[in-house]
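Novice: Just so we're aligned, residue 0 is where the sequence shown starts under numbering that gives the first Met the number 0, counting upward by one.
Beta carbons: idealized from backbone N, C-alpha and C, even for Gly.
Quick one: this structure, given as structure tokens, is what I'll be asking you about.
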Amino acid sequence: MRLPLSILGMFTFFSVIAQSAIEFQNVDHDFGEIEEKNGYAEHTFNFTNKGNDPIKITNVKASCGCTTPGWTREKVMPGDSGFVTARYNPRNRPGRFRKSLRITTSDPASDQTLYIMGFVKPKPTTPEKEYPVVVGDFRLKYKALNMGKISTEKEFSKSFDIYNQSDSIAFINPEKWTIPKHITVALSPEFINSGESGKLIITYDPLKKNDYGFVSDHIVLNRAAGKSLSVIAVIEEYFPVMTAEELDGAPKLNISNRAFDFGKVKSGTIIETSFELSNSGEEKLKLRAIKSNCECVTYDFKDKTIKKGKNKTLRIKFDTSEMRANQYKSVVIYSNDPVNPTQIITIKGKVEK
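Here it is in structure tokens:
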């Protein structure tokens, strides 16, 4: 089927209009591997004005502050050449990168995007910088070893980088190390030579810990020096996959009015309030733990079990001594409710001088 000449003319017209007047020799550049220690890496993209009219680059916007663009500021006449430069700063940016430069011109059809890419080889570092935390014969990257969220289903292991800064071979010495019963530690390799790094492997048994929510423990690596590491975790109860019928029969924790606003009080006032906890499920509800985000908040709840259809009162006290301004405290309740095992109560208000 032949198209009318008018339609063909329109196609030709729009194709001409859409054609870019700027022609780059290349629109992307791969630096390959560059050394962080060598500083900036720069590349120049050259172009030619293939159009019939002068053209000007009005702006070049980089996708990252790590890249500084430059370009020909004056108009480029037909047949003449211009440039766009990309200056990349690899400082503190180890690894692979890909950045773009969006070019805006006086001719919208000539707007386009350039790309730079490469791999930054990090500059050599010292053990003191890479492992800033000193614990006895060892250096580590962090003061606290964060295990993250741990389920009560089974033990959980995680490894952390460690460096032997002593003059001798390092290993786990039971005579020097103090380790909680629910935690086991290992070194990989088992013996770390002087001036070498390895892994400290922490294995955590949440059932032996017998606690829920945020928990913190200490591992003493050198009793004589009194040096210790913190091991932190958030323990959550494990619930297997349950059928709809099993969920219907499971315990269900309900809390009356989850928030309490005490308004304005003077510092030193003891705020007392209570919340009703009930079990609308079929099975016995067990409160695994009740924790606050502040030692200033205490609670009274001795028997942490609630039978089917029963309710109990949770009494809470908030000591505002040494407190000032707006306060927002939380009490987290962990239970064996498989649908909502973690529920939060809030206490808020303003403490005035």
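Are there 16 or more other CB atoms within 10 angstroms of the CB of K301, so buried, or fewer, so exposed?
Specialist: Per the 10 Å Cβ criterion, exposed.
Novice: Just the Cα atoms here: how many angstroms apart are D204 and T345?
Specialist: Between D204 and T345, the C-alpha separation is close to 31 Å.
Novice: According to the neighbour-count rule (16 or more other Cβ atoms, all chains shown, within 10 Å of its Cβ), is M0 buried or exposed?
Specialist: Because the pLDDT of M0 is 47, which lies under 50, any placement of that residue in the model is unreliable, and the question is left without a value.
Novice: Is it true that the CB of K283 sits closer than 8 Å to the CB of Y229?
Specialist: Sequence inspection shows Ser at residue 229; the Tyr mentioned does not correspond to that position. Contact: no.
Novice: Kindly list the residues whose CB is nearer than 6 Å to the CB of R101, restricted to its own chain and excluding five residues on each side of it in sequence; keep chain order.
Specialist: Cβ neighbours of R101 beyond the five flanking positions: K60, T112.
Novice: Comparing alpha-carbon positions, which option in N48, S158, T71 lies nearest G197?
Specialist: It is S158 whose Cα lies nearest to the Cα of G197.
Novice: Drop a sphere of 10 angstroms on the beta-carbon of K36, count the other beta-carbons inside from all chains shown, and report buried for 16 or more, exposed for fewer.
Specialist: Exposed, by the Cβ-count rule.
Novice: Does the CB of G117 have a neighbour CB from chain D at under 8 Å?
Specialist: Absent from the structure is chain D; it holds one protein chain and no more.
Novice: Quick one: what's got a C-beta closer than 8 Å to V134's C-beta in the same chain, skipping five residues either side?
Specialist: Taken in chain order, the residues that qualify are L220, N221, K226, S227, L228.
Novice: Do L356 and P337 have their CB atoms nearer than 8 Å?
Specialist: Because the chain here runs from 0 to 352, residue 356 falls outside it and cannot be looked at.
Novice: Apart from the five residues on each side of it in sequence, which residues of its chain come closer than 8 Å, Cβ to Cβ, to V184?
Specialist: Correct list, in chain order: I171, W176, I178, L199, I200, I201, T202, I218.
Novice: Where does the unbroken alpha helix (DSSP H) through K208 begin, and where does it stop?
Specialist: Here the alpha helix (DSSP H) through K208 covers 205-208.
Novice: Rounded to the nearest angstrom, what separates F46 and Q18 at their Cα positions?
Specialist: Near 15 Å, if we compare the C-alpha coordinates of Q18 and F46.
Novice: If you check the beta carbons only, do D52 and P77 fall under 8 Å apart?
Specialist: Yes, the Cβ-Cβ distance between D52 and P77 is below 8 Å.
Novice: Less than 8 Å between C-beta atoms, sequence neighbours within five positions excluded: which residues of the same chain meet that for T84?
Specialist: Only E41, H42, T43, F44, P68, G69, W70 meet the Cβ criterion.
Novice: Identify whether N145 lies in helix, strand or coil by the three-state DSSP scheme.
Specialist: Residue state, collapsed to three classes: strand.
Novice: Using only the heavy atoms of the ligand ADP, determine whether one of them is closer than 7 Å to the beta carbon of I343.
Specialist: For the ligand ADP, the structure offers nothing, since it holds no ligand at all.
Novice: What do you reckon, are the CB atoms on I254 and K316 nearer than 8 Å?
Specialist: No, the pair does not count as a contact, with Cβ atoms beyond the cut-off.
Novice: Relative to the alpha-carbon of D110, which residue among F274, T57, I343, S62 has its alpha-carbon at the smallest distance?
Specialist: Ranking the options by Cα distance to D110, first place goes to T57.
Novice: Which same chain residues end up closer than 8 Å to S80 when comparing Cβ atoms and leaving out the 5 residues on each side of it in sequence?
Specialist: So the qualifying residues of the chain are N45, F46, T47, N48.
Novice: Using CA atoms only, rank isn't needed, just tell me which of T319, I305, S320 is closest to L313.
Specialist: Comparing Cα positions, the closest option is I305.
Novice: Just curious, the beta strand (DSSP E) that E235 is in, first and last residue?
Specialist: That run of the beta strand (DSSP E) goes 226-235.
Novice: Can you give me the start and stop residues for the beta strand (DSSP E) that E189 sits inside?
Specialist: Segment: none, E189 is in no beta strand (DSSP E) and carries neither H nor E.
Novice: Who are the near neighbours of N339 in its chain, counting only those whose CB is closer than 6 Å to its CB and skipping five residues on each side?
Specialist: Once the five neighbours on either side are set aside, N339 has no close Cβ partner at all.
Novice: Is K347 near Y327, with beta carbons less than 8 Å apart?
Specialist: Against a cut-off of 8 Å, the Cβ pair of Y327 and K347 comes out as a contact.
Novice: Distance check for I234 and D160, CA to CA, integer angstroms please.
Specialist: About 23 Å.
Novice: Since E321 sits in a beta bridge, which residues does DSSP pair it with?
Specialist: Per DSSP, none; premise fails for E321.
Novice: For the beta strand (DSSP E) that contains G117, what are its first and last residues?
Specialist: Where G117 is concerned, the enclosing beta strand (DSSP E) stretches over 111-120.
Novice: Let's test the definition: count the other Cβ atoms within 10 Å of the Cβ of Y39 and tell me whether it reaches 16, buried, or not, exposed.
Specialist: Exposed.
Novice: Cα separation between K309 and K207?
Specialist: Between K309 and K207, the C-alpha separation is close to 30 Å.
Novice: Which runs of the beta strand (DSSP E) spanning at least 3 residues fall entirely within the stretch 19-50, listed in chain order?
Specialist: Entirely contained in the stretch 19-50, the beta strand (DSSP E) runs reaching 3 residues are, in chain order, 21-23, 27-34, 40-48.
Novice: Can you tell me where the beta strand (DSSP E) with E351 in it begins and where it stops?
Specialist: From DSSP, the beta strand (DSSP E) with E351 extends over 341-351.
Novice: Note down, in chain order, each residue of its chain lying with its Cβ closer than 7 Å to the Cβ of K263, except the 5 sequence neighbours on either side.
Specialist: These residues qualify, in order along the chain: G348, K349, E351.
Novice: Taking the alpha carbon of K285 as the reference point, which residue from D216, T341, V330 has its own alpha carbon closest?
Specialist: Considering only alpha carbons, the answer is T341.
Novice: Can you tell me whether K98 is helix, strand or coil according to DSSP?
Specialist: Strand, per DSSP.
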